[in-house]
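Reviewing the structure listed below.
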Amino acid sequence: MRTRSMEETIGRRLYLMGLLSLVMAVAVCVFVFHRAFTMQAWRALENESALITAQYRYDPASLSALDMEDRVRVTLISPRGEVLYESTDADEQAEMENHLSRPEVQQAFAAGRGQDIRDSATTGYETYYYAVLLDDGNVLRTSQDAETIWALYDQALPAILVSCFVIMGSAALLAGFLTRRLVRPMLRMTDDLDRIQENVPYRELVPFADAIYSDRAMRESNEKMRQEFTANVSHELKTPLTSISGYAEMIETGLARPEDVASFGQKIHSEASRMLRLVNDIIQLSHLDASGSTHDAPVMEPVDLAAIAGECAERLKVNARRAYVTLSCRGERAEVRGSPSLLEELCQNLCDNAIRYNRPGGRVLLETGCTREGHPYLSVQDNGIGIPKEAQGSVFERFYRVDKSRSKATGGTGLGLAIVKQIARIHGARIHLDSEPGVGTTVTVTFEGLH
C-alpha cells in the first residue's frame, strides 16, 4: 500500500472544500437573484397598473391618451373576454382571441387581481402578466417582456467562469500555502526526538508525542537491559566454564595427582550443575517474558494456594534440614485462577531463597489466606539475614545479589526473584517485601487480578 502524503491529502481536501463552497455559493446566488428578479418584475407591473388605473376614466379611449413610453403593454378585457383595448397594435384588436381563458384574467375576475408568467419560444423572453378588476367590471391587464433569467445568465456566464477560475486558482495556492504552514511544525517535531514532548505544535498531537517518547524510552531501556543481561550472562557463564576448563586441563595433562582426580571431578560436576541451573533459569525467564502474548499465555485454571504451599514445603524439607532450617506451612484455603506449574515455581523460588539466606537454627513459614478485601495471598516469612533498605528495590532485578559471595556459595543464579516477579505479573499479582537486616524477610504475593 502506497503511503499517502499528509500535505497532499490536506491540500486536496481544502481545495475540494473551496470548490464545494463555491458551488454552493453560486447556487444560493442563482436562487436569490432569480427570486429578486421575479419580485422586482411583479413590483414594477403592480406600480404601473396602479398608475394606469388611477388615470382610467371608464372609457377605452382614455387609455389611448396615456403616455406609456413603451414601458408596459396594456390590455382592457371585458367580462365576456373580449379585448376592448390593446396598446401595442390597435389594428389587431378586433382579431385578438377571447382572453377569458387566460389564468391571470380568471384570477382577476375571481379574486380582484391575478398574475402569470408565460415563455415566448420565438423571442427567448418571459412575459409577466398582471391583471386587476376595475370598478366598471372590466379587467385591466398590464404586461411586460423581460429577458429570461437564463438569458441574463448567458450574458454573465463569461464573467462568472472567469471569476470561478480566478477563485479556484487562488484557493489552490492558498490551500498549498496553508497546508505547508500546517505540516511544517509537525515535521520539525522529529528533529529532536529526545525533546519531542517540548516541541508539540498542536494539542491534538500531544498523545502522539507521548507515545513516541514512551516507546523510545522503553526501547532504550530494553536495549540497556539486554546489554546488561548479556554481560551478566556472559560473566555468570564464564566463571564456571573457567573453573571446569581448568580442572579438566589439569586432569588431561596429568598435572592432577591421582588422589585429587575425584575431588576435581566433583568440582567439575558442581560447576556444571550450577551452569545448567543458570541456563534453565534463563530459558524460563525468556519463556515468561513471552507469556504476555496470546499464543504463549499459560492455561489458567482454579488452583488452591494452600495445596501449592503444602507440596512446596514437602519438597524442600530435605534442603531445609541440610541447612539446619525449620520449614513449616499453615493457612487456609485460598483459590485463584492460575497456572499450577508457574505458581509451584513461584512458591519454590521464594522458599529456596528463604532457606538459602537463613542461618543455622532459623525458620521459614509458608502462609496462605485471604485479605480483608477478599484477595488470596501467599506469604513466605523467614528470620534470616534480612535485606538492607537500600537494596530492597533491586532484589527482583535479574542477576542482582545482596550478598554475592553467599549466593555463589549456596549455588544461587541471581534469577530466582526475577522469575517470581514475572510469574506474579502474568497472574496480575502484587508483591510486597518487608525486610530488616538481622531480623528477617517476609515476601507476600497478593493475587488481585485473577481469582
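With full-length UniProt numbering applied, the sequence shown has no gaps in its numbers, which climb one by one up to 451 at the end. Glycine included, C-beta positions come from ideal geometry on N, C-alpha and C.
The alpha-carbon separation between Gly362 and Glu436 amounts to approximately 15 Å.
When Cβ pairs closer than 8 Å are counted between the two stretches, the stretch 315–323 is seen not to touch the stretch 273–284, the count staying below three.
According to DSSP, Leu378 shares a beta bridge with Thr368 and Val445.
Take the alpha-carbon of Ala418 and the one of Phe264: they are about 32 Å apart. Annotated three-state conformation of Tyr85 is strand, per DSSP. The shortest CA-to-CA distance from Ile387 to any of Tyr357, His99, Gly374 and Leu365 is the one to Tyr357. If you look at Glu311, you'll find it in the alpha helix (DSSP H) that goes Leu305 to Arg315. Bounds of the beta strand (DSSP E) holding Val336 are Glu335 to Gly338.
With contacts defined as CB atoms closer than 9 Å, Thr442 and Asp352 fail to qualify as a contacting pair. Distances from the CA of Ala307 to each of Leu316, Arg43 and Arg330 were compared; the closest alpha carbon is that of Arg330.
Per the coordinates, the alpha-carbon of Ile10 lies some 40 Å from the alpha-carbon of Phe37. Beta-bridge partners of Glu373 (DSSP): none assigned.
Per DSSP, reduced to three states, the secondary structure at Gln115 is strand.
Beta-bridge partners of Leu327 (DSSP): Val364.
Sequence-distant partners of Gly114 (beyond 5 residues in either direction) whose C-beta falls short of 6 Å from its own C-beta, in its chain, are Glu104, Gln107, Ala108 and Ala131. CA-CA distance, Ile268 to Arg257, rounds to 16 Å.
Within the same chain, and ignoring the five residues on either side of Leu84 in sequence, the residues whose Cβ sits closer than 7 Å to its Cβ are Pro60, Leu76, Ile77, Ser78 and Asn138. When the Cα atoms are used, Thr179 and Glu7 turn out to be separated by approximately 6 Å. Using a Cβ distance threshold of 9 Å, Thr368 and Arg425 do not count as a contacting pair.
Straight-line measurement puts the Cα of Val23 at about 12 Å from the Cα of Leu161.
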